[in-house]
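First comes the structure, then the notes that go with it.
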Amino acid sequence: MNRRIFLRGLGGACVAAPFLGSILDRSVMAQPATQPKRLIVMFTPYGCITTRWFPKKSHGPLTAADLQSTTLKHLAPHADKLLMPRGIRAMNEWTATLARGQGNDPHTQVVGSYFTCQPVTPNSDDPFSFDSATKFNAKPTGPSLDHVIARQLSPQGTPLLLNTAGQNESPQSAISYSAAETPFRGLNASQVFSSLTGIFEPGEPTSPDTYAAMRGKSVLDIVKDDLQRLERFDMSRADKQKLASWKELIHSTGNGVASAQCNTALATALGATQENINLWSTPTSTDRQTRRISDTLDGADLCSNLAVLAAACNANPVIFLKYPGNYVFSGLGVNHESASLSRRLDNAGMTGTCVPGAIDMLLTIDDYYARKFAHLVEQLSRIEEGDGTLLDSCAAVWFQDVSDGCARNLNNLPIIQAGSAGGYFKTGWAVNVEDGSPDLTTGNSEFTCSEGTSNQVDAISQETGTDPSLANAPINKYFCSLMNALGVKAGADGFPAPGGSGPVTHFGMYDRTEDFIGGGVNPPIIHDPGEFTALKANS
Numbered sequence: 075m076n077r078r079i080f081l082r083g084l085g086g087a088c089v090a091a092p093f094l095g096s097i098l099d100r101s102v103m104a105q106p107a108t109q110p111k112r113l114i115v116m117f118t119p120y121g122c123i124t125t126r127w128f129p130k131k132s133h134g135p136l137t138a139a140d141l142q143s144t145t146l147k148h149l150a151p152h153a154d155k156l157l158m159p160r161g162i163r164a165m166n167e168w169t170a171t172l173a174r175g176q177g178n179d180p181h182t183q184v185v186g187s188y189f190t191c192q193p194v195t196p197n198s199d200d201p202f203s204f205d206s207a208t209k210f211n212a213k214p215t216g217p218s219l220d221h222v223i224a225r226q227l228s229p230q231g232t233p234l235l236l237n238t239a240g241q242n243e244s245p246q247s248a249i250s251y252s253a254a255e256t257p258f259r260g261l262n263a264s265q266v267f268s269s270l271t272g273i274f275e276p277g278e279p280t281s282p283d284t285y286a287a288m289r290g291k292s293v294l295d296i297v298k299d300d301l302q303r304l305e306r307f308d309m310s311r312a313d314k315q316k317l318a319s320w321k322e323l324i325h326s327t328g329n330g331v332a333s334a335q336c337n338t339a340l341a342t343a344l345g346a347t348q349e350n351i352n353l354w355s356t357p358t359s360t361d362r363q364t365r366r367i368s369d370t371l372d373g374a375d376l377c378s379n380l381a382v383l384a385a386a387c388n389a390n391p392v393i394f395l396k397y398p399g400n401y402v403f404s405g406l407g408v409n410h411e412s413a414s415l416s417r418r419l420d421n422a423g424m425t426g427t428c429v430p431g432a433i434d435m436l437l438t439i440d441d442y443y444a445r446k447f448a449h450l451v452e453q454l455s456r457i458e459e460g461d462g463t464l465l466d467s468c469a470a471v472w473f474q475d476v477s478d479g480c481a482r483n484l485n486n487l488p489i490i491q492a493g494s495a496g497g498y499f500k501t502g503w504a505v506n507v508e509d510g511s512p513d514l515t516t517g518n519s520e521f522t523c524s525e526g527t528s529n530q531v532d533a534i535s536q537e538t539g540t541d542p543s544l545a546n547a548p549i550n551k552y553f554c555s556l557m558n559a560l561g562v563k564a565g566a567d568g569f570p571a572p573g574g575s576g577p578v579t580h581f582g583m584y585d586r587t588e589d590f591i592g593g594g595v596n597p598p599i600i601h602d603p604g605e606f607t608a609l610k611a612n613s
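In terms of the working numbering, the sequence shown opens at residue 75 and continues consecutively.
Shown next as structure tokens:
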């Protein structure tokens, strides 16, 4: 017997043999195949004009009418598939007085801690220092959410991170860390396309059997030829029974359930063609995000469609779409760099005179992001899967790094989710996870630089943010909800752990933003473990 047959055929039978005795005397009942669950994250920098983004209703059934007057109006057709978690705070907020986090930088520590819930190192206690190590190069002390999930669920143990503008990341914008102080370099659209088209083209480096399983072909089908050869071997009756039982076990439990539409036709329908990828990759001095790729797609849409294709093929259940920082959306008629504009200024300062039309330009960018998320949701909803659609099997979440971009406050975060992750989450709802009140504030984003207000910016005072006493439920709990929905397991301590068996109740190092001050309290502590049960479908 050659090595290939042993590893793929007899090896599997031998591995299963210790368990076969318990099933030989009873029938193996085939269980209905369940659809794989996926997490698709769209992450955008610099927050939004919260007064226009949030609907007035912060708790209760969410309708299309609730969204029509807001930035989220493009999602109105999908209102029954949406979940808006309200009242959530992210960790490690920068303040001038070190009131709610470290003193490194309003960008570096916020993005570093966002998906890790870990402090950054080296620590700074001087909020206005320009030390290169602490302000520009500090990194979190643990891995980010995408890697924690991928270690248990992804084929290679790594997530799919797609940088939509193809830019390299620095610690002031990076959100993905494979380990402490270890940034994860994502892929651009061309690289993702190359990896996915290997599913359809034989001879690519990745194993055809692996792709076959991703596409929904059962393990039994993959090793069919080897099993038939194995069955022709002269073996005892007992061994034949073991082999037959192993085949039945694999048949009933080993079926892949990726979309049957995972093929070249779907890729073409999504615009994931070499021609479009070449257009996206062509060097340009213009805005790559908004540049037209086809009559129906711009550069960002093409990246979203690649994420949809990866989800449909179940190539990776953890997909992050990262929008760029310090970007000029010239294609939208916005010629100010986005980070400065979020401050309502034309420079990197924190005080000064409002840029004329700053609020309108920011609303234009907010509207663009909302249209991109609506496009992602629409494409997911068009692909049938199981008894529903691909969207129903996903939790597609639009996260923003802060609430208001000028105040850079982390409470009252704008988060919108589409899809129930296979029925785990309730949809068609806004849920105030903090206290269930229906009238949570929408913030103060138009406190300045809007008609009838002052034209002077004071970002240090955070006057455009939300009262820090409001909307402070820890984002850690939402991350626990997402992990439990996907099937991530925890060890006895409640932290995610490969080989674990219980639900996830703990994530990160701290769940109170004040605990990050000075680089973190000792010992680390999660004060409020568990998930947000109010977000579950049966709540």
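Here a beta-carbon is modelled for each residue, glycine too, at the ideal position from N, C-alpha and C. On a predicted model such as this, the values are computed, not experimentally measured, just so you know.
Reduced DSSP secondary structure (H/G/I, E/B, other) of Tyr552: The count along the sequence shown starts at 1 and reaches residue 552 at position 478. For Tyr552, the three-state secondary structure derived from DSSP is helix.
Enclosing alpha helix (DSSP H) for Phe447 [first to last residue]: As a first step, residue 447 must be located in the sequence shown, where it is residue number 373. Start and end: 432-455.
Selection from Leu380, Thr338, Cys336, Asp466 that minimises the alpha carbon distance to Trp354: For this step, residue 354 is matched to residue 280 along the sequence shown. Among Leu380, Thr338, Cys336, Asp466, the Cα nearest to that of Trp354 is on Leu380.
Touching by the beta-carbon criterion (3+ pairs, under 8 Å), the region 463-478 and the region 539-549: With a cut-off of 8 Å on Cβ pairs, the region 463-478 is in contact with the region 539-549, counting three or more such pairs.
CB of Gly272 within 8 Å of CB of Leu235, strictly: Start at 1 with the first residue of the sequence shown, and residue 272 comes out as number 198. Start at 1 with the first residue of the sequence shown, and residue 235 comes out as number 161. Result no, Cβ atoms of Gly272 and Leu235 do not sit closer than 8 Å.
Every unbroken beta strand (DSSP E) inside the region 383-426 [3 residues or more]: Entirely contained in the region 383-426, the beta strand (DSSP E) runs reaching 3 residues are, in chain order, 392-396.
Collapsed DSSP secondary structure at Asn506 in the structure displayed: Along the sequence shown, one-based indexing puts residue 506 at 432. In the three-state scheme derived from DSSP, where H, G and I count as helix and E and B as strand, Asn506 is classed as strand.
Rounded Cβ spacing between Cys468 and Cys387 (contact assumed at less than 8 Å): Taking the sequence shown and counting its residues from 1, the one referred to as residue 468 is at position 394. Taking the sequence shown and counting its residues from 1, the one referred to as residue 387 is at position 313. Here Cys468 is actually not in contact with Cys387; their C-beta atoms are around 13 Å apart, not less than 8 Å.
Under the three-state DSSP convention, the category Lys610 falls into: The residue you call residue 610 lines up with position 536 of the sequence shown. Residue state, collapsed to three classes: strand.
heavy atom of the ligand NAP below 7 Å from Pro233 C-beta: As for the ligand NAP, it is missing from this structure, which has no ligand bound.
Ser535 vs Pro391 beta-carbon contact at 8 Å: Counted from its first residue, the sequence shown places residue 535 at position 461. Counted from its first residue, the sequence shown places residue 391 at position 317. Not closer than 8 Å, so no.
Unbroken alpha helix (DSSP H) run spanning Thr338, endpoints: Within the sequence shown, numbered from 1, the residue matching residue 338 stands at position 264. Run containing Thr338: 338-343, per the alpha helix (DSSP H) assignment.
C-beta atoms of Ser519 and Thr145 nearer than 8 Å: As a first step, residue 519 must be located in the sequence shown, where it is residue number 445. As a first step, residue 145 must be located in the sequence shown, where it is residue number 71. Between Ser519 and Thr145, the C-beta spacing is not below 8 Å.
Sufficient close CB pairs (3 or more, under 8 Å) joining the region 573-591 to the region 507-524: No contact exists between the region 573-591 and the region 507-524.
Residue nearest to Gln176 in terms of C-alpha spacing, selected from Val451, Thr232, Gln530, Thr208: As a working mapping, residue 176 is identified with position 102 in the sequence shown. Closest by alpha carbon: Thr208.
Nearest neighbour of Ala153, chosen from Ala138, Glu605, Gln226, Asp589 [CA to CA]: Position 79 of the sequence shown, counted from the start, is the residue given in the question as residue 153. Ranked by Cα distance from Ala153, the first of Ala138, Glu605, Gln226, Asp589 is Ala138.
As assigned by DSSP and simplified to three states, the class of Met583: Locating residue 583 in the sequence shown gives position 509, where the first residue counts as 1. Annotated three-state conformation of Met583 is coil, per DSSP.
For Ala263 and Met435, the rounded distance between their alpha carbons: Sequence index remark: in the sequence shown, residue 435 carries index 361 (1-based). Sequence index remark: in the sequence shown, residue 263 carries index 189 (1-based). Rounded to whole angstroms, the gap between the alpha carbons of Met435 and Ala263 is 27 Å.
Opening and closing residue of the beta strand (DSSP E) in which Val471 lies: Translated into the one-based positions of the sequence shown, residue 471 becomes position 397. Segment 468-474, the beta strand (DSSP E) holding Val471.
Chain-order list of residues whose beta-carbon lies under 7 Å from that of Ser555 (same chain, five-residue window excluded): Counting from 1 along the sequence shown, the entry for residue 555 is found at position 481. Sequence-distant Cβ neighbours of Ser555 in its own chain, meaning closer than 7 Å and more than five residues away, are Glu605, Phe606, Leu609.
Euclidean distance between Cα positions of Phe569 and Arg586: In the sequence shown, counting from the first residue as 1, residue 569 sits at position 495. In the sequence shown, counting from the first residue as 1, residue 586 sits at position 512. Rounded to whole angstroms, Phe569 to Arg586 spans 17 Å at the Cα level.
One or two residues paired with Met116 in a DSSP bridge: Against the sequence shown, residue 116 aligns to sequence position 42. The partner list for Met116 (beta bridge, DSSP) reads Leu395, Trp472.
DSSP beta-bridge partners of Asn237: Locating residue 237 in the sequence shown gives position 163, where the first residue counts as 1. Per DSSP, Lys396.
Coil, strand or helix - Arg259 by DSSP: The residue given as residue 259 occupies position 185 in the sequence shown. Of the three classes helix, strand and coil, the one that applies to Arg259 here is coil, per DSSP.
Straight-line gap, Ala339 to Gly345 (C-alpha atoms, nearest Å): As a position in the sequence shown, residue 339 is number 265, starting the count at 1. As a position in the sequence shown, residue 345 is number 271, starting the count at 1. C-alpha separation (whole angstroms): 10 Å.
Presumed contact (8 Å Cβ cut-off) between Arg417 and Met424, rounded CB distance: Reading the sequence shown from its first residue, position 343 is the one you call residue 417. Reading the sequence shown from its first residue, position 350 is the one you call residue 424. Yes, they are in contact, since the Cβ atoms of Arg417 and Met424 sit about 7 Å apart, within 8 Å.
Within 8 Å, strictly: CB atoms of Asn486 and Thr515: Stepping through the sequence shown from its first residue, residue 486 is reached at position 412. Stepping through the sequence shown from its first residue, residue 515 is reached at position 441. Yes; because the gap between Cβ atoms is below 8 Å, this pair is in contact.
Residue environment, Lys130, which counts as buried when at least 16 other CB atoms sit within 10 Å: On the sequence shown, position 56 is the one that residue 130 refers to. Around the C-beta of Lys130, fewer than 16 other C-beta atoms lie within 10 Å, and the residue is accordingly described as exposed.
Between the CA atoms of Leu156 and Ser494 - distance to the nearest angstrom: By 1-based counting over the sequence shown, the position of residue 494 is 420. By 1-based counting over the sequence shown, the position of residue 156 is 82. In a straight line, the C-alpha of Ser494 is about 8 Å away from that of Leu156.
Three-state class that DSSP yields for Gly604 in the structure shown: Indexing the sequence shown from 1 puts residue 604 at position 530. In this structure, DSSP gives Gly604 a state outside helix and strand, which the three-state scheme calls coil.
Val194 - partner residues in DSSP beta bridges: Within the sequence shown, the letter at position 120 stands for residue 194. Per DSSP, the beta-bridge partners of Val194 are Pro214.
Distance CB(Pro430)-CB(Phe128) smaller than 8 Å: Here residue 430 is taken as the residue at index 356 of the sequence shown, counted from 1. Here residue 128 is taken as the residue at index 54 of the sequence shown, counted from 1. The Cβ atoms of Pro430 and Phe128 do not sit closer than 8 Å to each other.
At least 3 beta-carbon pairs within less than 8 Å: the region 544-562 vs the region 494-507: In the pairwise beta carbon analysis, the region 544-562 is classified as touching the region 494-507: at least three pairs are separated by under 8 Å.
Coil, strand or helix - Glu459 by DSSP: Within the sequence shown, the letter at position 385 stands for residue 459. Three-state DSSP puts Glu459 in a strand.
Residue of Ala504, Pro196, Val408, Tyr443 minimising C-alpha distance to Glu122: Translated into positions along the sequence shown, residue 122 becomes position 48. The identity of residue 122 in the sequence shown is Cys, whereas the question assumes Glu. Measuring from the Cα of Cys122, the nearest candidate turns out to be Tyr443.
Residue nearest to Ile490 in terms of C-alpha spacing, selected from Lys111, Pro110, Met116: For the purposes of this step, residue 490 is taken as residue 416 along the sequence shown, with counting starting at 1. A check of alpha carbon separations from Ile490 across Lys111, Pro110, Met116 identifies Met116 as the nearest.
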